[in-house]
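Here is the structure we will look at, set down as structure tokens.
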Amino acid sequence: MHMCAAAQKRGSTANIFFVSEKCHPQTIDVVRTRAEPLGVEVVVGDHASYDFGQPTFGALIQYPDTEGNIVDYAAFCERAHAADCLVVAACDLLALTLLRPPGEWGADIAVGNSQRFGVPMGYGGPHAAFMATRDEYKRIMPGRLVGVSKDATGAPALRLALQTREQHIRRDKATSNICTAQVLLAIMASMYAVYHGPQGIQRIAQRVKLLTEILATGLRQMGYSVNESPVFDTLKISGGPHAQAALIDMAAHHRYNLRVYADGAVGVALDEAATVEEVNTLLAIFAANDVEPPTVDALAKESAFEFEAPLARASEFLTHAVFNSYHSETEMLRYIKRLEARDLSLAFSMIPLGSCTMKLNATTEMIPVTWPEFGKLHPFAPREQAQGYAELFRRLERWLAEITGFAAVSLQPNAGSQGEYAGLLTIRGYHQARGQSHRNVCLIPSSAHGTNPASAAMVNMQVVVVACDHNGNVDVDDLRAKAAQHADNLAALMVTYPSTHGVFEEEIKTICAVVHEHGGQVYLDGANMNAQVGLCRPGDFGADVCHLNLHKTFCIPHGGGGPGMGPICVAAHLAAHLPGHVVVDPNEGATGETASAVSAAAVSAAPWGSASILPISYAYIAMMGAQGLTEATKIAILNANYVAKRLDAHYPVLYKGKNGFVAHECILDLRPLKEWVTVDDVAKRLIDYGFHAPTMSFPVAGTLMIEPTESESLAELDRFCEAMISIREEIRAVARGEVDAHDNVLTNAPHTAAVLVSEAWNRPYTREQAAYPMPWLYESKFWPFVARIDNVYGDRNLFCICPPMEEFAQMAE
2 MHMCAAAQKR GSTANIFFVS EKCHPQTIDV VRTRAEPLGV EVVVGDHASY
52 DFGQPTFGAL IQYPDTEGNI VDYAAFCERA HAADCLVVAA CDLLALTLLR
102 PPGEWGADIA VGNSQRFGVP MGYGGPHAAF MATRDEYKRI MPGRLVGVSK
152 DATGAPALRL ALQTREQHIR RDKATSNICT AQVLLAIMAS MYAVYHGPQG
202 IQRIAQRVKL LTEILATGLR QMGYSVNESP VFDTLKISGG PHAQAALIDM
252 AAHHRYNLRV YADGAVGVAL DEAATVEEVN TLLAIFAAND VEPPTVDALA
302 KESAFEFEAP LARASEFLTH AVFNSYHSET EMLRYIKRLE ARDLSLAFSM
352 IPLGSCTMKL NATTEMIPVT WPEFGKLHPF APREQAQGYA ELFRRLERWL
402 AEITGFAAVS LQPNAGSQGE YAGLLTIRGY HQARGQSHRN VCLIPSSAHG
452 TNPASAAMVN MQVVVVACDH NGNVDVDDLR AKAAQHADNL AALMVTYPST
502 HGVFEEEIKT ICAVVHEHGG QVYLDGANMN AQVGLCRPGD FGADVCHLNL
552 HKTFCIPHGG GGPGMGPICV AAHLAAHLPG HVVVDPNEGA TGETASAVSA
602 AAVSAAPWGS ASILPISYAY IAMMGAQGLT EATKIAILNA NYVAKRLDAH
652 YPVLYKGKNG FVAHECILDL RPLKEWVTVD DVAKRLIDYG FHAPTMSFPV
702 AGTLMIEPTE SESLAELDRF CEAMISIREE IRAVARGEVD AHDNVLTNAP
752 HTAAVLVSEA WNRPYTREQA AYPMPWLYES KFWPFVARID NVYGDRNLFC
802 ICPPMEEFAQ MAE
């Protein structure tokens, strides 16, 4: 929807987003949530009769639709385009191996879920969504784009491309507030495609299609009305010898759940795990009491496993060599291992990324993720079948509320950025319920994470920036002035504690009081909660809502960016405005304020977000206990101060508290060194030392932000500090004129094995200086796979798909 709006022609007044009534109900729910704050009118109706008589900028259709029907949307797309309206197709990846893809029948954007490719349902997630679009819309896409560029040797290299679209740069003007990506789940789905290849996946799809057709044929023979349109894996069934209630009961007796429609029909969906025995059982359930049901074997000859034109797919897919090479477990294992060896992960060394909390993900915490009891449950399964999950949710919500000092918790948001969005919607709902819907000003400190202003923009709040003082704290005088100036319309303040400058805001209580005095609510960004747990609570010093990054503070792994979880914790007066859900109300049966009517719609398609990774945080909190959590916080702060003290003489620590200490992270100021070196140079050189770079140029350009976490030993902290001090000596050599300012170990970093073994070594330093600057590297050495990447080339020559190897070769030339 946001992309369609951004693509409008200048001067367009279109304000309607059409949604087919045959989209999934949870999809419609989320679209309405996104549209309402922006003033976008959502029209839900029949795509076949919608005439685009009113100015419409976008349309969403489902392919196959929620009832299983597969429709040729080509004529609809023509009508939409004639009205200057873009078409979004929500589609099924597995079905698309047999169906004509959306891009071929006129859709402009395709979206969907990759769960079909080997990822458990997990009671709602996590799963990696996907979005594909035409080339002309690439610059208005949300989220991260991985593009192909080249490195310093001319070899092809991958990088994040077109980052100027994103929240950390464009802030409230960004294409989205997305920060977390579901990388781990995307890897799982992609490896499913790699292992099976195009032919294997198509065979899986054909089997699903065949079993569905067999079931449909058998049901028709028994007198039921089944979809008249072609189907892939889903049937809507009505009529027949049994009423809806009887079918539901009989299916439950055989341990099956059927979808319940308001019109008395039931729904059945099959997948790649469905068996012949299960289809025979379903046929027996639907059969009349005294009638022998048809069998799969008898029905197979009457059923087809392919589609006919114009629905049938004719184009090839997954043609790249990687999808056609690794089809045995041995080859697959080795391929994955080769890719893993290219990543500088926590398995090798400390990752000092500031504001990221890259801490240990203990094996014991991770084990429950593999349990089928957590993985196989459908998010809309009856509550009585999910009592284990319900108890886990109840306890985890209680623990998180106790840790933060709040009254109620929503587990629905799927990332920290989505927690911000949900929290602001909660505040907005609170103001609306009090007859103060005009409150739309959001105060945000200049140091804030880029997601803060981006999230505020998504709920249509006006962002007003509050200055910070020379110590990195919120300028309270400026806050008072702007709160007073906007008192009539003040909705919220978004503030991070400890601040993004790495210090505890000593005036945090005053800051909260000022906002409350002028009618606003305080949203606390919980990104830095790792410095608070057990020591202080946001609810105690005046915050009204905060989100928690469970993938940071509470140990869900987020290598590469995901999966994330961003639950929100709220004070009692906001509990009635927590996210709800059109299919399963996550607040049903809650106690206290949460039991009130929920004013907010869903922010995620699943009622409890990515439920199957919540056992990680549950296990972490349960095993640590209150004392352990508090000790972890103290060690995190201690480690950050140790690093700050050791490095301060070499790289000035930009911000400190009044007693000379930092919180759980510190910012090193490299701006005095810019005559001889860039932040990029230091970050790239750290790779040669076996360390991932710290966060670069955030929140201040020309700086490095370091967060060691409590997981790192003193020995590892010392190795990192020694690496940074050694790099400082290399910089001093440049400053003294002892080495070439443009050709040295810093400007040429990182050094790959291919460069090191090249016969054409003509650099003014030794191979040993390049690759082994510290003695401990001889014991364990990480080799970067690519040399320094040409960022400008990558943005000017954007490849966001895997080019054939011939194009790689041409690029290198």
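Heads up: the sequence shown begins at 2 in the working numbering, then just goes up one per residue. Every residue gets a Cβ at the ideal spot worked out from N, C-alpha and C, and that includes glycine. No experiment lies behind these values; they were computed from the predicted model shown.
Residue environment: E708 is assigned as buried (16 or more neighbouring CB atoms within 10 Å of its CB, all protein chains considered).
By DSSP's assignment, H548 forms a beta bridge with I569.
Counting only runs of 4+ residues, the alpha helix (DSSP H) found wholly inside the region 280-339 occupies 297-300, in chain order. In the DSSP assignment, E717 forms no beta bridge with any residue. In the three-state reduction of the DSSP assignment, L347 falls in the coil class, being assigned neither a helical nor a strand state. The beta carbon of R729 sits closer than 8 angstroms to those of H651, Y652, all from its chain and outside the five residues before and after it, given in chain order.
Spanning the alpha carbons of L715 and A724 requires a straight line of approximately 14 angstroms. With a contact defined as Cβ atoms closer than 8 angstroms, M462 and A492 qualify at about 6 angstroms. At a Cβ-Cβ threshold of 8 angstroms, T154 and V585 do not count as neighbours.
At a Cβ-Cβ threshold of 8 angstroms, L236 and T213 count as neighbours.
When only Cα atoms are considered, Y390 and D470 end up about 46 angstroms apart. Using a 10 angstroms sphere on the CB of H254, the tally of other CB atoms stays under 16, which defines it as exposed.
Classified as exposed, Y779 has fewer than 16 neighbouring CB atoms from the shown chains inside 10 Å of its CB. By the Cβ rule, the region 564-573 does not count as touching the region 660-675, because fewer than three pairs are nearer than 8 angstroms. For Q413, the secondary structure class from DSSP, reduced to helix, strand or coil, is coil.
In the DSSP assignment, T213 falls within the alpha helix (DSSP H) that extends over 184-222. Following the DSSP letters along the chain, one finds F131 inside the beta strand (DSSP E) bounded by residues 130-134.
With contacts defined as CB atoms closer than 8 angstroms, A81 and Y64 fail to qualify as a contacting pair. In this model, L186 and V746 are separated by some 37 angstroms (Cα to Cα).
Between the region 498-513 and the region 311-329, the count of C-beta pairs closer than 8 angstroms stays below three; the two stretches do not touch.
In this structure the region 618-632 touches the region 396-416; the number of beta carbon pairs closer than 8 angstroms is three or more. D586 sits in coil when the DSSP states are folded into three classes, being neither helix nor strand. The alpha-carbon of E273 is positioned some 12 angstroms away from that of F233. Straight through space, the alpha carbons of A387 and A528 are spaced by roughly 31 angstroms. Nearest to H519 by C-alpha distance, out of L525, T511, D526, is T511. Judged by beta-carbon spacing, Q245 lies beyond the 8 angstroms limit of V227, meaning their Cβ atoms are not closer than that value.
Ranking A156, T427, S448 by CA distance to the CA of S438 puts T427 first. If you compare the alpha carbons of S712, P695, K685, D796 with that of T753, the shortest gap goes to K685. Contact between C443 and V464 holds, with the beta-carbon distance rounding to 6 angstroms and staying under 8 angstroms. Counting C-beta atoms within 10 angstroms of its own C-beta, S50 has fewer than 16 neighbours from the protein chains shown and is therefore classed as exposed.
Separation of Q55 and A15 (C-alpha to C-alpha, rounded to the nearest whole angstrom) is 8 angstroms. About 7 angstroms separates the CB atoms of E666 and S356; that is less than 8 angstroms, so the two are in contact.
In the three-state reduction of the DSSP assignment, E42 falls in the strand class.
Residue environment analysis places A482 among the exposed positions, since fewer than 16 neighbouring C-beta atoms fall within 10 angstroms of its C-beta. Two segments are said to touch when three or more pairs of C-beta atoms, one from each, lie closer than 8 angstroms; by this definition the region 606-616 touches the region 370-389. In the structure shown, L747 adopts coil according to DSSP, grouped into three states.
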